[in-house]
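The structure under discussion appears below in the form of structure tokens.
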Amino acid sequence: MKTPMITVVTPTYNRRHTLVRLWHSLCTQSSQLTFEWLLVDDGSTDDTTKWFEQIHKPSHIKTRYLKQANQGKHVAINSAAGFASGQWIFIVDSDDALTPDAIETLTRDITNSESDSTRVGLCYRKTHFDGSLVGKATTALEPLYLKPNEAGSLFQGDLAYVFKKSALSQNPFPVIANEKFVPELFIWNKIADNGDILYFPQKSIYLCEYLADGYSANFSIMLKHNPRGFSLFYCDQIRRLKPGVSWVKTLLRCAQCQLYAWIKS
């Protein structure tokens with residue numbers, strides 16, 4: 000099989016029950032020749048391995064499986080950056096799915112980016128499974144270059160990022176002893192320091208659901224259990240944000256992280 004242009008990376012931990020939906024969305028892509036699916040199992044104890052073996056052998060899609068000890072999604076992304084065959088990496092969570100034209104859209108936009116050596120990422124909108132937009136609608140119609148912080152302020156919701164493999168490899172997530180989470184925006188900002196990210200304000204290629212056991216629903220618990228990882232992010236944000244309400248809130252979060260880290264030590 001030809002080397003894929005895109006590696007869809009899915010970090011997973013005990014999500015066998017939601018992977019079926021994601022798998023179905025991959026199998027029904029309008030374009031299936033330019034991608035592979037890399038499932039990074041972060042130490043699952045359910046039957047994820049058995050299920051993957053069942054769908055892998057008869058699949059017409061290139062599928063790969065990597066299992067590691069439970070270390071957190073950020074370490075799974077690090078592992079994927081070193082293991083992926085594609086030159087572009089699209090991170091899709093195990094409880095989410097893709098629109099039928101997602102890979103076709105990416106293939107076209109990546110091909111159009113080949114002449115731009117400074118472009119390290121592409122970014123699209125997300126929608127809920129009921130069709131409603133994640134975040135805020137915008138009047139911007141044409142693609143635009145933004146920094147991740149600027150995009151967060153404009154769209155006010157989670158976004159679907161696709162990065163060059165080299166950009167992720169050169170900006171790995173820090174691995175912190177006894178912690179299993181580092182906010183992704185910490186690395187997305189670092190990637191954008193060294194290249195351009197093109198945002199598509201009207202195009203969604205990603206379907207999502209926020210589960211009760213997910214990161215978004217358990218922010219306070221995540222913060223207490225991973226204070227050093229969050230501290231890296233908030234301290235970095237302090238130097239990136241302009242003085243104002245958001246800057247003060249970030250400063251307070253940073254102080255909160257330092258307190259939790261001290262209590263945990």
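Residue numbering for the sequence shown follows numbering that gives the first Met the number 0, beginning at 0 and increasing consecutively. The beta carbon of each residue, even a glycine, is placed where N, CA and C say it ideally should be. These figures come from a predicted structure and were not determined experimentally.
Span separating the alpha-carbon of residue i from that of residue j
| i | j | result |
| --- | --- | --- |
| K223 | S29 | 43 Å |
| F34 | E149 | 30 Å |
| R107 | F162 | 15 Å |
| T2 | K61 | 10 Å |
| M221 | G228 | 10 Å |
| L18 | T47 | 9 Å |
| L153 | K135 | 8 Å |
| A260 | N177 | 11 Å |
| I237 | N188 | 13 Å |
| R14 | Q31 | 24 Å |
| S93 | L21 | 7 Å |
| Q53 | N111 | 36 Å |
| P242 | N77 | 33 Å |
| V133 | G156 | 6 Å |
| Y64 | S58 | 13 Å |
N-terminal and C-terminal residue of the beta strand (DSSP E) that residue i is part of
| i | result |
| --- | --- |
| L197 | D195 to C207 |
| F89 | W87 to I90 |
Pair within 9 Å by beta-carbon distance, residue i and residue j
| i | j | result |
| --- | --- | --- |
| T11 | D41 | yes |
| F172 | I186 | yes |
| F199 | R118 | no |
| D195 | G120 | yes |
| Y209 | L97 | no |
| E183 | H73 | yes |
| S203 | T126 | yes |
| Q67 | V91 | no |
| L197 | C122 | yes |
| M4 | I175 | no |
Residue(s) in a DSSP beta bridge with residue i
| i | result |
| --- | --- |
| G120 | F162 and I196 |
| Y64 | L38 |
| V8 | L37 and I90 |
| A96 | L206 |
| K125 | Y205 |
| Y144 | L197 |
| L299 | For the chain, the structure presents residues 0 to 264; residue 299 sits outside this window and is missing. |
The alpha helix (DSSP H) enclosing residue i, as first and last residue numbers
| i | result |
| --- | --- |
| P147 | P147 to F154 |
| G71 | Where G71 is concerned, there is no enclosing alpha helix (DSSP H), given that its DSSP letter is neither H nor E. |
| K223 | F218 to H224 |
| K179 | Looking at the DSSP string, K179 is not in any alpha helix (DSSP H), and its letter there is neither H nor E. |
| D108 | A101 to S112 |
| K49 | T47 to H55 |
| R15 | R15 to C26 |
| T249 | V244 to K263 |
Own chain partners of residue i with C-beta closer than 8 Å, once the 5 adjacent residues on each side are dropped
| i | result |
| --- | --- |
| Q257 | P226 and S230 |
| A80 | I88, K164, L167, S168 and P171 |
Residues near residue i in its chain [Cβ-Cβ closer than 6 Å; skip 5 each side]
| i | result |
| --- | --- |
| V8 | L37, A79, I88 and I90 |
| A101 | I204 |
Contact set for residue i: own chain, Cβ-Cβ below 7 Å, skip 5 residues either direction
| i | result |
| --- | --- |
| Y233 | T249, R252, C253 and C256 |
| D45 | N13 and R15 |
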